[in-house]
Amino acid sequence: MSPQETSQGAIDARLPCGKAWYYSQDCQRKHWKAHKPTCLANRPKKAGTSSSSNALDAHKYYNTTARKDTPENMQLVFGPDWRECLGKLYDETRIDVLLDPPRGSPSFAITKYLNTDNWLKRSPRPGIESEKELINQVTLGRKMQDAVRRRIGAGKSPSTHDMKAVLSSYGPDWTSHLQTYMLAINTMDQGVQT
C-alpha cells in the first residue's frame, strides 16, 4: 500500500498483514526484518489458494473417512438410517441390472447418459442363490413386463389406466407390487431416444 497521511499527521505505511503501523518508510524498512515472519504468517489468503486448500481438504477427507466402510463412518457420511437407505438402493439397482434394460427403455437412456464411451462395457453378474428374494422380484418384473406388452404392445409407454389394470390383477395388495412395477416399466422398451 502507498503511505497516506492520517488524521494525526503521521504516515500510515501499513503492511499487508494489517498488524504494523509506521510513521515513515525508513521506520518500516528498519523494522521489516523483525516483522517479516509475523507479517507473512498473518497475510490474508487469496481466493485461489483457499479454494485449492478446500479441494485438498475434501480429498484428504475422502481418503481418510469415505474409504473406510466402518459402521461409524457410514453413519457419519450417510446418516443414522444408512443401512435401510443403502440396502433399498442396492436392491433396486440390482433388480434393474438383472432385468437388463434394452435400448429404448428409460433405464437404458439414464445409464447411457451417466456412462461415457471410455467406461467399461456393461457385464452384469447373474443372480446368485443368496439373492433369492431379488431373483423372485426379477421374475415378477418380467411377468409384469409381459402383461404390459400384451396390453399396449411393444415400444409404447403405458398410461395410468394400464398401470391400474396390470396392478389390480395382483389382488387387493397391489400396492406392495408398485415398486416392482415401476422397475419393470423403466426397463422396458418404450421408444426413448438416446
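According to the working numbering, the sequence shown holds residues 41 to 234 in order. Glycine included, C-beta positions come from ideal geometry on N, C-alpha and C. The structure displayed is predicted, hence computed values, not measured ones.
| Asked | Found |
| --- | --- |
| R143, DSSP secondary structure in three states | coil |
| Selected residue, minimal CA-CA separation from L180, among N155, A149 and H217 | H217 |
| Contact test: D186 Cβ vs the ligand ZN heavy atom, cutoff 6 angstroms | The ligand ZN is absent from the structure shown, which contains no ligands of any kind. |
| Spatial distance of L129 from Q185 (CA atoms) | 21 angstroms |
| Segment contact flag, the stretch 162–175 with the stretch 213–229, C-beta cutoff 8 angstroms, min 3 pairs | no |
| 8 angstroms Cβ shell around S47 - same chain, five flanking residues per side excluded | At S47 the pLDDT is 48, less than 50, meaning the model places this residue with poor confidence; the figure from the coordinates comes in the next sentence. The answer is none, since no qualifying residue turns up. |
| Simplified DSSP assignment, three categories, for K128 | helix |
| Proximity below 7 angstroms, CB of L138 to CB of T227 | no |
| Rounded C-alpha distance that separates P111 from Q233 | 41 angstroms |
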